[in-house]
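S.K.: Under this note's numbering, the sequence shown has 117 at position 108, and the numbering climbs by one with no breaks. Positions of the beta carbon are idealized from the N, C-alpha and C atoms, including for glycine.
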Amino acid sequence: MAAQKKLEAGSKYASFDKDGDGIVTDEEFEMEQKLIQLENEDKKQDAQRNMAWFALFGMLLYPAIVVAATLFGLDNAAKILGDMAAVYFVSVAAIVAAFYGKEEIMQKNGATKK
Numbered sequence: 010m011a012a013q014k015k016l017e018a019g020s021k022y023a024s025f026d027k028d029g030d031g032i033v034t035d036e037e038f039e040m041e042q043k044l045i046q047l048e049n050e051d052k053k054q055d056a057q058r059n060m061a062w063f064a065l066f067g068m069l070l071y072p073a074i075v076v077a078a079t080l081f082g083l084d085n086a087a088k089i090l091g092d093m094a095a096v097y098f099v100s101v102a103a104i105v106a107a108f109y110g111k112e113e114i115m116q117k118n119g120a121t122k123k
């Protein structure tokens, strides 16, 4: 069996030592890695959720922007925005559908694994 590595004072790995014996065991290291992975997954899910909400709000505000452009006398801008609407709505709908589809698949897979 290999000698266990003792930590230097103030080492960045000192937080991995959960039992405070000055030695980071494989179990402690693996646990820390799992915690980091969970935190990263949580941040990723938060970012995806924010992206989906931003896209939904954009879909709701887009028609209001077209109307506002018309009210301010920017008829050419309103026409351009109106012409872009079809592509915009399809693209944003794809983003939102992908997010909610992924969430549904993850929920079904999670339910079957338990």
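(1) Can you tell me which of the three DSSP states K117 falls into?
(2) Can the beta-carbon of I104 be found closer than 8 Å to that of A73?
(3) Are the segment 107-116 and the segment 47-65 touching by the rule of at least three beta carbon pairs closer than 8 Å?
(4) Below 8 Å, can you find three or more Cβ-Cβ pairs linking the segment 64-84 to the segment 94-102?
(5) To test your reading of the DSSP string, which unbroken alpha helix (DSSP H) runs of 4 or more residues are found completely within the segment 23-66?
(6) Between the segment 29-44 and the segment 71-91, are three or more C-beta pairs nearer than 8 Å?
(7) Can you tell me whether DSSP reads K15 as helix, strand or coil?
(8) Does the Cβ-Cβ distance between A78 and A86 come in under 8 Å?
M.R.: In this structure, then:
(1) DSSP places K117 in helix when its eight states are reduced to three.
(2) No, they are not a contact pair.
(3) Yes, since at least three Cβ pairs between the segment 107-116 and the segment 47-65 fall closer than 8 Å, the two stretches touch.
(4) Three or more pairs of CB atoms, one per stretch, sit closer than 8 Å, so the segment 64-84 contacts the segment 94-102.
(5) Counting whole runs of 4 or more residues, the segment 23-66 contains no alpha helix (DSSP H) stretch at all.
(6) No: the two stretches stay apart, fewer than three of their Cβ pairs being nearer than 8 Å.
(7) Shown here, K15 sits in a strand according to DSSP, grouped into three states.
(8) Yes.
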